[in-house]
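Notes follow the structure.
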Amino acid sequence: MIGTTCLRRKDKDMLVYVGNTEKGYWTEDVAKKHGWQVKYIKSSLHIEDQVNDILSCEGCKVIVYDIGQYATPAKEIAEVIKKIQLANQALPVMDATDINRQSDLIMHLNYQGIFTCVFCDRLADKKEELEACIAGKRTRPDMGQNFEDEVEISQKNNDIANAKTIGVVGAIKRMGTTTQAIQLVKYLIYSGYKACYIEMNEHKWVEALVEAYEDVEVDPVNGKATYRGIDMYYKMEKLPDILQQDYDYYIYDYGVYDDRGFNKISFLEKNIQISVVGVKPGEFEKTYMLIENNFYQKMAYIFNFTSEDREEQDDILELMGDKRDSTFFAKDCRDPFKLTHLELYRDILDDPEQKKEKKAKKKKGFFRRGKHE
1 MIGTTCLRRK DKDMLVYVGN TEKGYWTEDV AKKHGWQVKY IKSSLHIEDQ VNDILSCEGC
61 KVIVYDIGQY ATPAKEIAEV IKKIQLANQA LPVMDATDIN RQSDLIMHLN YQGIFTCVFC
121 DRLADKKEEL EACIAGKRTR PDMGQNFEDE VEISQKNNDI ANAKTIGVVG AIKRMGTTTQ
181 AIQLVKYLIY SGYKACYIEM NEHKWVEALV EAYEDVEVDP VNGKATYRGI DMYYKMEKLP
241 DILQQDYDYY IYDYGVYDDR GFNKISFLEK NIQISVVGVK PGEFEKTYML IENNFYQKMA
301 YIFNFTSEDR EEQDDILELM GDKRDSTFFA KDCRDPFKLT HLELYRDILD DPEQKKEKKA
361 KKKKGFFRRG KHE
């Protein structure tokens with residue numbers, strides 16, 4: 001369904017906001033200044049479900065997309081937005097408040113020739129950026145003569161890397177997310193693979209480690225630190241170069257899932273998705289919201305800092321319901337660079353679908369279909 005504001009004009013020129021009213025209300029003042037109506041397209045996890053409603057909007061001058069709503073792969077989102085632009089000639093503008101400027105989605109949009117993005121979160125600044133986009137002041141940045149070639153190379157490398165990528169995100173800060181990411185790298189190296197850690201958050205943990213320890217090898221140009229046999233990358237803008245290395249696995253540390261800088265679309269593209277959660281006071285509410293969120297339906301869940309008592313763990317598995325087969329428990333790990341739990345990571349990296357087929361019975365709990373987006 002399409003909702004409409006009370007703005008009216010005979011020629012029906014309009015600004016279309018693809019997303020819910022509570023996310024796009026700020027565009028109404030800009031539209032009013034131009035004498036346009038505003039229409040809203042109901043939010044969806046998949047942009048393909050919105051295409052018909054968007055194209056049915058006559059007199060559309062500008063389409064503002066809330067690109068944080070999608071669970072669709074970045075390349076596909078960018079391609080669909082470009083096709084819509086070619087079909088109706090409306091200016092596409094990205095409401096990218098929740099998206100990192102170096103994300104895969106922004107890269108793919110740039111590759112499609114779309115550079116009109118609103119990154120600010122302050123209301124006045126958002127309106128000003130939208131006006132700049134409409135006025136044609138947000139054009140292709142100076143990315144060098146070989147920009148298209150660089151993007152094509154990074155796309156190919158992403159296609160290769162996505163088969164061997166693992167994303168790790170936490171329910172809250174200090175949940176042990178980075179420790180689990182490093183442990184995964186250690187396990188893969190132990191198993192004979194070449195793996196690396198990529199800091200896909202703004203916590204600057206790697207830089208802090210470099211400052212704290214003298215025996216860290218540092219390559220500041222490429223944003224690489226090596227400590228106790230672990231290659232760690234901390235400059236997200238170097239990601240295309242990192243993906244050209246000959247690693248078998250890339251382990252991405254996304255920090256906390258509701259951080260402003262969390263790159264949700266990049267996380268959802270990873271071959272294996274892992275969340276680090278807990279049940280202690282201060283952890284449970286965020287854990288519940290993450291588990292119930294519609295975006296994250298294919299994750300493995302590592303409960304950290306929980307009791308090793310089997311009865312208590314069985315209670316948690318009961319609560320997890322149909323996600324119990326994707327639920328794991330981490331042992332206490334004080335040193336992230338010392339591998340402590342081989343069985344945990346071996347079980348997580350097994351094919352979850354095969355593990356489900358082995359289960360004859362599934363118990364139900366209150367972690368059911370989510371409403372959060």
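When we follow the UniProt record's numbering, the leftmost residue of the sequence shown carries the number 1, and every step to the right adds one. All C-beta atoms in this analysis are idealised placements derived from N, C-alpha and C, irrespective of residue type, glycine included. Because the structure is a prediction, the values reported are computed rather than measured.
Is residue 95 closer than 9 Å to residue 19 when the C-beta atoms are compared? For the purposes of this step, residue 19 is taken as residue 19 along the sequence shown, with counting starting at 1. For the purposes of this step, residue 95 is taken as residue 95 along the sequence shown, with counting starting at 1. Yes. Within cutoff.
Among 169, 229, 213, the one whose alpha carbon lies nearest that of residue 194: Against the sequence shown, residue 194 aligns to sequence position 194. Ranked by how close their Cα comes to the Cα of residue 194, the residues 169, 229, 213 have 229 in first place.
Who are the Cβ neighbours of residue 328 in its own chain at under 8 Å, not counting the five residues just before and after it? As a first step, residue 328 is located in the sequence shown; it is residue number 328 there, counting from the start. Cβ within range, chain order: 300, 301, 302, 303, 344, 347, 348.
Exposed unless 16 or more other CB atoms sit within 10 angstroms - verdict on residue 173: Position 173 of the sequence shown, counted from the start, is the residue given in the question as residue 173. Classification for residue 173: exposed.
Could you check where the alpha helix (DSSP H) with residue 284 kicks off and where it finishes? For the purposes of this step, residue 284 is taken as residue 284 along the sequence shown, with counting starting at 1. It spans 284-292 - the alpha helix (DSSP H) in which residue 284 sits, taken as one unbroken run.
What's the C-alpha gap between residue 375 and residue 227? Because the chain spans 1 through 373 in this model, residue 375 falls outside it and cannot be assessed.
Within the continuous alpha helix (DSSP H) that includes residue 232, where are the two ends? The residue labelled residue 232 in the question sits at position 232 within the sequence shown. Not the alpha helix (DSSP H): residue 232 falls in the beta strand (DSSP E), residues 230-233.
With a threshold of 7 Å on Cβ separation, who are the neighbours of residue 47 within its own chain once the five nearest residues in sequence on each side are excluded? Position 47 of the sequence shown, counted from the start, is the residue given in the question as residue 47. Only 70, 72, 77, 80 meet the Cβ criterion.
Does residue 221 pass the burial test, meaning 16 or more other C-beta atoms within 10 Å, or should it be called exposed? Locating residue 221 in the sequence shown gives position 221, where the first residue counts as 1. With fewer than 16 Cβ atoms within 10 Å of its Cβ, residue 221 is classed as exposed.
Going by C-alpha to C-alpha distance, which of 217, 281, 259, 109 sits closest to residue 201? Here residue 201 refers to the residue found at position 201 when the sequence shown is read from its first residue. It is 259.
Please classify residue 250: does DSSP put it in a helix, a strand, or coil? Residue 250 sits at position 250 when you count from the first residue of the sequence shown. Three-state DSSP puts residue 250 in a strand.
Complete beta strand (DSSP E) runs within the stretch 174-211 (minimum length 3 residues, chain order): Here the runs fully enclosed are 195-199.
Taking its Cβ as the centre, do 16 or more other Cβ atoms sit within 10 Å of residue 212, making it buried, or is it exposed? Locating residue 212 in the sequence shown gives position 212, where the first residue counts as 1. Around the C-beta of residue 212, fewer than 16 other C-beta atoms lie within 10 Å, and the residue is accordingly described as exposed.
What would DSSP say about residue 39, mapped onto helix, strand or coil? Within the sequence shown, the letter at position 39 stands for residue 39. Reduced to three states, the DSSP call for residue 39 is strand.
Close beta carbons around residue 360, own chain, < 7 Å, minus the five adjacent residues each side: Looking up residue 360 in the sequence shown gives position 360. Bear in mind that the predicted position of residue 360 carries a pLDDT of just 42, short of 50, making it too unreliable to give a figure here.
Looking at residue 250 and residue 204, is the spacing between their C-beta atoms short of 9 Å? One-based indexing of the sequence shown puts residue 204 at position 204. One-based indexing of the sequence shown puts residue 250 at position 250. Not in contact: residue 204 and residue 250 (Cβ atoms no closer than 9 Å).
Could you pull out every unbroken alpha helix (DSSP H) segment of at least 4 residues lying fully inside the stretch 52-129, listed in chain order? Uninterrupted alpha helix (DSSP H) stretches at least 4 residues long and entirely within the stretch 52-129 occur at 74-88, 104-111, given in chain order.
Run of the alpha helix (DSSP H) containing residue 345, from where it starts to where it stops: Taking the first residue of the sequence shown as position 1, residue 345 is located at position 345. Unbroken alpha helix (DSSP H) run through residue 345: 342-349.
Buried versus exposed, by CB contacts within 10 Å (16 or more), residue 326: On the sequence shown, residue 326 is found 326 positions in, with the first residue counted as 1. Classification for residue 326: buried.
Between the Cα of residue 191 and those of 341, 87, 332, spot the shortest distance and give me the residue it belongs to. As a working note, residue 191 is residue 191 in the sequence shown. Among 341, 87, 332, the Cα nearest to that of residue 191 belongs to 341.
Identify the residues that DSSP records as bridge partners of residue 167: which are they? Here residue 167 refers to the residue found at position 167 when the sequence shown is read from its first residue. Under DSSP, residue 167 forms a beta bridge with 252, 273.
What's the call for residue 242, buried or exposed, on a 16-neighbour Cβ count within 10 Å? Numbered from its first residue, the sequence shown carries residue 242 at position 242. Under this definition residue 242 is a buried residue.
So residue 236 is in the beta strand (DSSP E); what residue range does that whole segment cover? As a first step, residue 236 is located in the sequence shown; it is residue number 236 there, counting from the start. Element bounds for residue 236: n/a, residue is neither H nor E.
With a 10 Å radius around its C-beta and 16 neighbouring C-beta atoms as the bar for buried, classify residue 123 as buried or exposed. What you label residue 123 is simply residue 123 of the sequence shown in a count that begins at 1. The residue in question, residue 123, is exposed, as its Cβ has fewer than 16 Cβ neighbours within 10 Å.
Using DSSP's beta-bridge definition, name the partner residues of residue 226. Residue numbering aside, residue 226 sits at position 226 when the sequence shown is read from its first letter. Per DSSP, the beta-bridge partners of residue 226 are 217, 231.
Can you tell me whether DSSP reads residue 279 as helix, strand or coil? Position 279 of the sequence shown holds residue 279. Coil at residue 279, not helix or strand.
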